[in-house]
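K.L.:
Take a look at the following structure, please.
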Amino acid sequence: MSRNRVLTGSRAMVEAIAQEMRVDPTVFVMGEDVGPYGGIFSSTTGLLDEFGEERVRDTPISETAFIGAGVGAAMAGMRPIVELMFVDFFGVCMDAIYNLAAKNTYFSGGNSKVPMVLMTATGGGYSDAGQHSQTLHATFAHLPGMKVVAPSNAYDAKGLMTSAIRDDAPVLYMFHKGLQGLAWMAAPEGASTEVPEDPYAIPFGEARVVREGGDVTIVAISMTVHHALAAAEALAKDGVDAEVIDLRSLVPLDREAVLASVRKTGRLVVADEDYRSFGLTAEIIASVAETDPGLLKSAPRRVACPDIPIPYSRPMERFALPDAEKIRAAVQQTLNRAVA
Amino acid sequence: MSRNRVLTGSRAMVEAIAQEMRVDPTVFVMGEDVGPYGGIFSSTTGLLDEFGEERVRDTPISETAFIGAGVGAAMAGMRPIVELMFVDFFGVCMDAIYNLAAKNTYFSGGNSKVPMVLMTATGGGYSDAGQHSQTLHATFAHLPGMKVVAPSNAYDAKGLMTSAIRDDAPVLYMFHKGLQGLAWMAAPEGASTEVPEDPYAIPFGEARVVREGGDVTIVAISMTVHHALAAAEALAKDGVDAEVIDLRSLVPLDREAVLASVRKTGRLVVADEDYRSFGLTAEIIASVAETDPGLLKSAPRRVACPDIPIPYSRPMERFALPDAEKIRAAVQQTLNRAVA
Amino acid sequence: MEPSKDQLLWMYAAMAKARHYEDTMARAYMEGKTPKFDIGAGLVPGEMHLAAGQEPCAAGVCVHLRAGDTVTATHRPHHVAIAKGVDLNRMTAEIYGRRDGLAGGRGGHMHLFDPAVNFACSGIIGESAGPATGAALAARLQGSDAVAVAYLGDGAANQGAFHEALNLASLWRLPVVFVIEDNAWGISVPKSRSTAVPDNSVRARGYDMPGVHVADNDTLAVFDAAGEAVARARRGEGPTLIEVQTYRYYGHFQGDPEVYRPKDEVARLKARDPIDRLRGHMLDNAGVTEAEADEALTRVRAEVDAAFEFARQSGEPAPEDALEHVFA
Amino acid sequence: MEPSKDQLLWMYAAMAKARHYEDTMARAYMEGKTPKFDIGAGLVPGEMHLAAGQEPCAAGVCVHLRAGDTVTATHRPHHVAIAKGVDLNRMTAEIYGRRDGLAGGRGGHMHLFDPAVNFACSGIIGESAGPATGAALAARLQGSDAVAVAYLGDGAANQGAFHEALNLASLWRLPVVFVIEDNAWGISVPKSRSTAVPDNSVRARGYDMPGVHVADNDTLAVFDAAGEAVARARRGEGPTLIEVQTYRYYGHFQGDPEVYRPKDEVARLKARDPIDRLRGHMLDNAGVTEAEADEALTRVRAEVDAAFEFARQSGEPAPEDALEHVFA
Ligand SMILES: Cc1ncc(C[n+]2csc(CCOP(=O)(O)OP(=O)(O)O)c2C)c(N)n1
Ligand SMILES: Cc1ncc(C[n+]2csc(CCOP(=O)(O)OP(=O)(O)O)c2C)c(N)n1
Ligand SMILES: [Mg+2]
Ligand SMILES: [Mg+2]
C-alpha cells in the first residue's frame, strides 16, 4: 500500500486506536454512541466490527459513572479509551476527571497509575451554540495531574493518540470537530495529511514549527493553527514573514519552543479558540514576559473567543471565533506599535 | 452600638445575608449543613434561628440538584444564596454552574435573569489534602457568564456579599476558610476588621490598593493579600517600598488598577493560591504585557501553587502554597534582574 | 380523567401544530444543506432535533398548565414549547438565528427561553430536572399554587441529575412533575442498552413518589396521568414521575444516518400515529365534527407558516451584538 | 449463611482492630490540638473522620474478599482499610503525613491507596461508585472472578454518581457490590432530611438488582447479605445493593461540636455495641473460648500500637518531594 495515503483526522485517530487494540488486549473503548454509530464525530468508526462489543462499548448517558469506571478499570490493569462526546459536557463529570483520574497517582505516591485516555470533541464554527461549541483548553490545562493534547492535523492525531494510549498517566485528547474531515462538516485543507501506516508515537510537550519566519511569532493550537497558516500566507503578500508554532499539547507545554521563536522575531500573537481571559493566550504571553519582557519588541496580542457564551447565529458566532483575518490584524498591530 | 466593631470574615458575611433577608423576602439560603450546624465554615451561623427552615434549608448531598434548583428558583423570582461546601466539589455540579446559571441570561437574550449567589469555601493551609484545599479561582474566572469575587477581609466580605445578593447576575462568592476567623482555624491578623453595622455594597471590579509603594507592585487576592502585606513589611526593612493591590474580584477584573500601579513601579509580582499555570498570575502578567511590555523594568514573577495536587503533609503543603517569604523572594528577583 | 371537548380540540390543535412545525422545519433545515449534507451551510444554522411523533407528551401534559407554571424541556423542545404557548414567531426567528428571535439569535434551537410563559430548555441531558425543582420551590416559597414540569428523554433517566432532583423534589414535597419521553433511543443506543429496567416509572419508588407508565403513545392516557400529577402537585402533595412510551419519526438529529435502527420501524410507528388516533377519538366519541377538526388544522398550520415567514423576514443580528446580555 | 468459627474470629479481630485503631487515633489526633481545638496544629494533620461503631460494615463484607478483589471506600475509610488488609504501618504513617506513608504523605487520611490489596478511597461523596464498577468491568474483561465493593455513606445515596453507577453495573451485570453504611447522619443532616425513602435498599429495584437491608448493625446479618452478594457477583450474576443500619460513635469529624444530635444518642448506641455482641455470639454459640477471643484482642491491639509507633518514628518528607509522582 502507498505510504503516501492521505487520511482525515478521524481516520487517523481511529487507526491509532485500532493498532494499539490489536497488540494490547488491555485497550478498550467506551462512550456514548461509540458502537454501531462509530462516534458522533467518527472517532471510533469501524472499531466495533473489528473488536466486538466487549471491547467497544456503548454506554448509558452517565458520564460520571463511565469515566469513573474508566479510572477503576485503568487502576485494575486496563487501558481504557473513554469518550466524552462534547467537551462542553465536562460539567456533569468533572469530578471523575480532575479529582479522581488526575489525582489518584499522586494520592498513591506513584504506586497506582491511571492509564486512561479521555477523548473529547471541541470547537465551534457550525452554530451549535453555547453548550456544544466550546474549546475549554485552559479548563483542563489549569488543573494538575492530566496531560492535555490537541492535534491540528491527521498526522499528529495518530501519533498523539498512540502516545496517549501508551502513557501511564491520564491523557485528555481534545480533537476539534472541524478537523475530523467529516463528510458533513467543512474542514480546512491542511487537516487531512499523509499518515504513515505503521504505528508511531509523537512525544507530548514538543511544539512544531509549522512555518518558519523571522518577523513575528504566531502561537496556535488545534483549529487556530490553520487560521494562523492562512494569516501567514496573507501576511507574506504584505511582505511580513510570520513563524507559526503548533503547540500540539497544553500539558506539558513547550514554552521553550515559543521562547526560541520570540527570541528571533521579537513579536508575538497567540491564537486560541478558547475563551480569552485566564486561558492559553495569557499563559503563553506570561511565559514570555516572565522570562524577559525585553524579548518583546512590541505588545503581544491575543486572538481568542471573547468572554461570552458562544453565540448561535452565524454573524455573531463568526464575530466571536478566531479566524485568519483576526490573526492577520493582530500581527499588523504587533508590527505597528513599537515599545515606548 | 459601636461603629468600630471588629468582626470576623464569617460574621461579616452572615451579617450581609441577614440584612438582605430582612428586607427582601425573595432571599433564601440552601446548602449542606447550613441549618442547625450554621455552615461548616460558619457562613450561615444563626440564620436558621432568625429566618426558619423554609428560608434556611439543609439539602441532601446533591449539588447538581440543589444548584440547579437555585437557578430555577432564581429564574422564578427568588434570590437564592446557595452554598457549595468546598469549591473542590465543583466537579460534581459544574454543569449547573457554568452551563446553566452562567449562560441562561445570554441564551435568553437578557430576558431571563439568574440572581443567584453561589458561595463556596476555598483554600488550604491546614492539611486537608488534594480534594479539600484548592482555590480554583481561574477555573471559574475563565468561563463566561458569572461574576467571581474573593474577599480578603471582613469589611469586604460584607460589602461584596451585599453586592452579590443584589446583583441580577449569578455571582460566585469564594471565601477563604483561613480568613473566616473560625475558633478552630488560625487566621491572619488583618482578616478580621472593623465592619459598619449598616448595610453597604462594594462594587465589583474595583481593586483596592492596600499598601502604597513605589518600588514594586504585588498583586494579590484573598489569602495572598495577607502574605503580600507581610512580605511588604519585611521588604520595607530591606528598604524596598512595595505597593500591594487586592483585586477583590476576578470577574470583572480591575486591570486598570494593576496597570496604574505598574506604570509607577515598573515591577510586578502576582501572588495567588491557585495553581500556577493557566491561572490568575498569567492573566495579570499578560494583561500588563499586552498593554505595553515596556512598562516592565524587569521580569515579572508569579507566586502560586505549583502544578501539583495540594499535598497533605505539612512540609510538602507549605512548600506548595504561597507565603510571605516566597513573595519577598520573588520581589527581590524583580529588583535584581534588570531587563536585558 | 376525561378530557372535555375543548380540551380535546386544544390537544389536537397543539399536536397538529407541532407536527406541522416539525415537518416544515425538516424541509427548511435542509434548504442549502443538500445534496451532500453540510451542517454549516443553509438557511437554518446548527443542529436540529425534531420531535414529530412525540406530540402526546407535550399536549397531554401542557393542557393542564397555566402561563404561570414552569416548563423545562430538552434538546428536542419544539413540541413542548408550542404546547406551552411560547411565542411562535420569535421562537422560529430564534431558530433561524435572527434578530427578532427570542434571544436575538444568541441561543438557538436548544436554548429557547420565553419568560412570558415560563418556558426554558437546554442542550445538556438531564439539565431540565434541577431548574424545574427550583421553580417548584419558588412557587412554594412565594405561596403560589404554580407547578413545574421537567421533561427528560429516556436516556436522561440514567443521568445523576435526574436522580438527585427526584430525591430533592420528593423530600421537600415540591409541586413538580417529571415527564420522561421514552422514544426508545438515546441517539443510536436503544433503551435496553442504556437502562437497567424496561420501565423508568418503577424508579419512582426509590423516591417515595407515584410512578406512572403510559403505554403506546396514547394521548388520552398522558392526559389522564398528567392531570392527576398536576392536580396532586397543585394540592401540595408532591411530585410525580411519568414515563410515556412515545416515538420519534425523524432521526436523532437531521442528517442522522440512522444506521442503527430497523428500516421499517418508522413505518410501523406511523401506522399508529397519535394525532390520527386522537382525531378518530374526537370524532367518534366526543362529538367533534370533521369541520371543527379541520378548522383547527387550518388555523394552526397558518400560524406555523406565518411563523416561518416571520423568521425569514427577520434580519440577521449585528455581529458585535454578540457581546450583549452576558450579564443581566 | 453461617460464618465458620475462623470467620467469626477473623471478623472479631478485624473489628476489634478497627475499634482500637479509631480510639487510638482519636487521642493521637488531639495531641497538640487542645485545649482550644486548632485543626492546623498537633501531630496528626488535617481532618479526621473516625468510624468507631461502623465495624460490622467493614468486617462483615471484607471477610468474603480476597486480595485481588477491589474495595473503594469513603472519607471514613480506616475500618474498611483494616478489614481489607491495607498495610497498617504505612497507612498510619500516611495519616501522620510521614515519609514512610503509603503515598509518602501526599494523600493522607482520605486518600489511602494500597494496590497490593486493591484498596482505594476518596474524599468526595459518591466517588467510590464509578471506580468499583470499573474494577469489576476490568475483572470481566480480564476473565478473572475478582469482584469489587464500593462503600458509600447514607448521604452519598443521594449523589448522582451513585445512581449512574448502579444503573451501569446492573446493565452490564458486573461483579460489584454497593454497600451503604447508613449511620443516620450526613454530617449534621439526619437521613430523614436528606433521603426521600427510609431505606435505600428499595432503590435497588430501580436498577433491577437485589437490594438488601440489614438492620441494627448486626455483624452476622452483614456477613450473610454480603456473602450472598459476593458469591452472586463471583458467579457473574451481577451487582447487589446492601444498606447496613450502623452507628458512628464519634462526631462527623474530630472537633465536630455535634450540636445537632441528641445528647444521649451515642450512649444508647454503645449499649448495643456490635463488637460486644459478636463476642457474646462467638462464645455462646460458636465454641470460641474467652482465651481465643482475648488472644485475638491482644494481638490486634499490639499491631495497632506498633503501627502508631511506626508512624511516629517515620521522618517528615522533604518539602520538595511534593513535586514527585504527579504523573505515573
Ligand atoms: C450530559 C450530556 N451527555 C450527552 C449529550 C449528547 N446527547 C444529546 S441528545 C442525546 C441522547 C438523549 O437521549 P434521550 O434522553 O433519550 O432523548 P432523545 O434524544 O431520545 O429525545 C445525547 C447522548 C448531552 N447533550 N449531554
Ligand atoms: C460531593 C461532596 N459533597 C459534599 C462533601 C462534604 N461532606 C463530606 S462527608 C459528608 C457527609 C457524608 O455523609 P454520608 O455519606 O452519610 O457519610 P458519613 O460521613 O455519614 O460516613 C459531606 C456532606 C463531599 N466531601 N463531597
Ligand atoms: Mg430517547
Ligand atoms: Mg452517614
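Chains as they are written, first to last, in the working numbering: chain A, 32 to 371; chain B, 32 to 371; chain C, 423 to 750; chain D, 423 to 750. Note that beta-carbon positions come from the ideal geometry of N, C-alpha and C, so glycine has one too.
Which residues bound the alpha helix (DSSP H) around Tyr-186 of chain A?
P.N.:
Unbroken alpha helix (DSSP H) run through Tyr-186 of chain A: 185-197.
K.L.:
Could you give the DSSP three-state label for Met-32 of chain A: helix, strand or coil?
P.N.:
Low local confidence applies: a pLDDT of 49 at Met-32 of chain A is under 50, so the model's placement there is unreliable, with the coordinate-based value given in what follows. It is coil, neither helix nor strand.
K.L.:
For the stretch 32-46 of chain B against the stretch 557-567 of chain D, are there 3 or more C-beta pairs whose distance is under 8 Å?
P.N.:
Too few Cβ pairs lie closer than 8 Å, so no.
K.L.:
Closer than 7 Å by C-beta to Glu-725 of chain C: which residues in its own chain qualify, once you throw out the five before and the five after it? Chain order, please.
P.N.:
For Glu-725 of chain C, where only same-chain residues beyond five positions count, the Cβ hits under 7 Å are Lys-439, Leu-510.
K.L.:
Counting only Cβ-Cβ distances shorter than 8 Å, please list the residues of the stretch 254-284 of chain B near chain C, keeping chain order.
P.N.:
For the stretch 254-284 of chain B, which is checked against every Cβ of chain C, not one residue is closer than 8 Å.
K.L.:
Kindly indicate the opening and closing residues of the alpha helix (DSSP H) around Lys-692 of chain C.
P.N.:
From DSSP, the alpha helix (DSSP H) with Lys-692 of chain C extends over 687-692.
K.L.:
Three-state secondary structure (DSSP) at Cys-479 of chain C?
P.N.:
Cys-479 of chain C: helix per DSSP, three-state reduction.
K.L.:
Determine the DSSP secondary structure at His-497 of chain C, reduced to helix, strand or coil.
P.N.:
Three-state result, His-497 of chain C: coil.
K.L.:
In angstroms, rounded to a whole number, what distance separates the CA positions of Met-470 of chain C and Asp-119 of chain B?
P.N.:
Looking at the two C-alpha atoms, the distance is approximately 36 Å.
K.L.:
Given that Glu-603 of chain D touches chain B, what residues does it touch there, using C-beta distances under 9 Å?
P.N.:
Those within 9 Å of Glu-603 of chain D in chain B number zero; the least Cβ separation is about 14 Å.
K.L.:
What residues are listed by DSSP as bridge partners for His-635 of chain C?
P.N.:
Partner(s): C:Glu-665.
K.L.:
Please report how far the alpha carbon of Lys-457 of chain C lies from the alpha carbon of His-442 of chain C, in whole angstroms.
P.N.:
Contrary to the premise, residue 457 of chain C reads as Pro rather than Lys in this sequence. Cα-Cα distance, rounded: 24 Å.
K.L.:
Assess contact between the stretch 626-642 of chain C and the stretch 535-549 of chain C, defined as three or more Cβ pairs (one per stretch) separated by less than 8 Å. Is contact present?
P.N.:
As far as the Cβ criterion goes, the stretch 626-642 of chain C does not touch the stretch 535-549 of chain C, which means the pair count is below three.
K.L.:
Taking the beta carbon of Met-433 of chain D as the centre, do at least 16 other beta carbons fall within 10 Å, making it buried, or is it exposed?
P.N.:
Buried, because 16 or more other Cβ atoms sit within 10 Å of the Cβ of Met-433 of chain D.
K.L.:
Among residues of its own chain, excluding the 5 on either side of Gly-608 of chain D, which ones have a beta-carbon nearer than 6 Å to its beta-carbon?
P.N.:
Once the five neighbours on either side are set aside, the close Cβ partners of Gly-608 of chain D are Gly-577, Ser-616.
K.L.:
Give me the pocket residues for ligand 4, defined as CB within less than 6 Å of any heavy atom, sorted by chain position.
P.N.:
After applying the 6 Å Cβ criterion, the set is D:Gly-575, D:Asp-576, D:Gly-577, D:Asn-605, D:Trp-607, D:Gly-608.
K.L.:
Looking at chain A, which residues of the stretch 610-627 of chain C have a Cβ within less than 8 Å of any of its Cβ atoms?
P.N.:
The stretch 610-627 of chain C vs chain A, Cβ under 8 Å: Ser-610, Val-611, Arg-615, Ser-616, Thr-617.
K.L.:
Against chain C, with Cβ distances strictly below 8 Å, would Gln-363 of chain A count as a contact?
P.N.:
Chain C contact via Cβ: absent.
K.L.:
Taking one C-beta from the stretch 234-251 of chain A and one from the stretch 267-275 of chain A each time, how about it: are there three or more such pairs within less than 8 Å?
P.N.:
With the cut-off at 8 Å, the stretch 234-251 of chain A and the stretch 267-275 of chain A touch.
K.L.:
Using a Cβ-Cβ distance cut-off of 8 Å, determine whether Glu-650 of chain D contacts chain A.
P.N.:
Not an interface residue.
K.L.:
Taking 8 Å as the threshold (C-beta atoms), are Arg-625 of chain D and Leu-663 of chain D in contact?
P.N.:
In contact: Leu-663 of chain D and Arg-625 of chain D (Cβ atoms closer than 8 Å).
K.L.:
Buried or exposed for Val-571 of chain C, please, with buried defined as at least 16 other CB atoms from any protein chain shown within 10 angstroms of its CB.
P.N.:
Buried is the call here.
K.L.:
Can you pull the chain C residues whose beta carbon is under 9 Å from the beta carbon of Met-216 of chain A, in chain order?
P.N.:
Residues of chain C passing the Cβ test: Asp-460, Ile-461, Gly-462.
K.L.:
Would you mind working out which of B:Gln-363, B:Arg-359, B:Leu-352, B:Pro-182 sits nearest Asp-159 of chain B, comparing C-alpha positions?
P.N.:
For the residues B:Gln-363, B:Arg-359, B:Leu-352, B:Pro-182, the minimum Cα distance to Asp-159 of chain B belongs to B:Leu-352.
K.L.:
Could I get the ranges of all uninterrupted alpha helix (DSSP H) runs contained in the stretch 672-722 of chain C, with 4 residues as the minimum, in chain order?
P.N.:
Runs found: 687-692, 696-707.
K.L.:
Just to make sure I have the definition right: I need the residues of chain A whose C-beta is within less than 8 Å of the C-beta of Val-483 of chain C. Which are they?
P.N.:
In chain order: nothing, as chain A lies at least about 22 Å away.
K.L.:
Suppose you measure from the CA of Val-370 of chain B to the CA of Leu-326 of chain A; what does that come to, to the nearest Å?
P.N.:
Low confidence applies here, because Val-370 of chain B scores a pLDDT of 40, under 50, leaving its location unreliable; read the following figure in that light. Cα to Cα, Val-370 of chain B sits roughly 9 Å from Leu-326 of chain A.
K.L.:
Which word fits Ser-610 of chain D, buried or exposed, when buried means at least 16 other C-beta atoms lie within 10 angstroms of its C-beta?
P.N.:
When all chains shown are included, Ser-610 of chain D counts as buried.
K.L.:
Whole angstroms is fine: what's the gap from Lys-208 of chain A's alpha carbon to Asn-184 of chain A's?
P.N.:
Straight-line Cα distance between these residues: approximately 11 Å.
K.L.:
List, in order along the chain, the chain C residues whose C-beta lies closer than 8 Å to that of Val-137 of chain B?
P.N.:
A quick correction: the sequence has Tyr, not Val, at residue 137 of chain B. Residues of chain C passing the Cβ test: Ala-525, Arg-528, Gly-529, His-747, Val-748.
K.L.:
State the start and end residues of the unbroken alpha helix (DSSP H) segment that holds Arg-53 of chain B.
P.N.:
Counting along the chain, the alpha helix (DSSP H) containing Arg-53 of chain B begins and ends at 40-54.
K.L.:
Is there a C-beta anywhere in chain A that falls below 8 Å from the one on Leu-559 of chain D?
P.N.:
Yes - at least one Cβ of chain A is within 8 Å of the one on Leu-559 of chain D.
K.L.:
Note down, in chain order, all residues in the stretch 53-64 of chain A with a beta-carbon under 9 Å from any beta-carbon belonging to chain D.
P.N.:
Those would be Pro-56, Thr-57, Phe-59, Met-61, in chain order.
K.L.:
So, helix, strand or coil for Phe-377 of chain C, using DSSP?
P.N.:
There is simply no residue 377 of chain C to check, as chain C begins at 423 and stops at 750 in what is shown.
K.L.:
Beta-carbon within less than 6 Å of Met-109 of chain A's beta-carbon, same chain only, minus the 5 sequence neighbours each way: which residues are those?
P.N.:
Once the five neighbours on either side are set aside, the close Cβ partners of Met-109 of chain A are Thr-57.
K.L.:
Under the DSSP definition of a beta bridge, which residues are partnered with Met-205 of chain B?
P.N.:
For Met-205 of chain B, which the question treats as bridged, DSSP gives the partners B:Thr-151.
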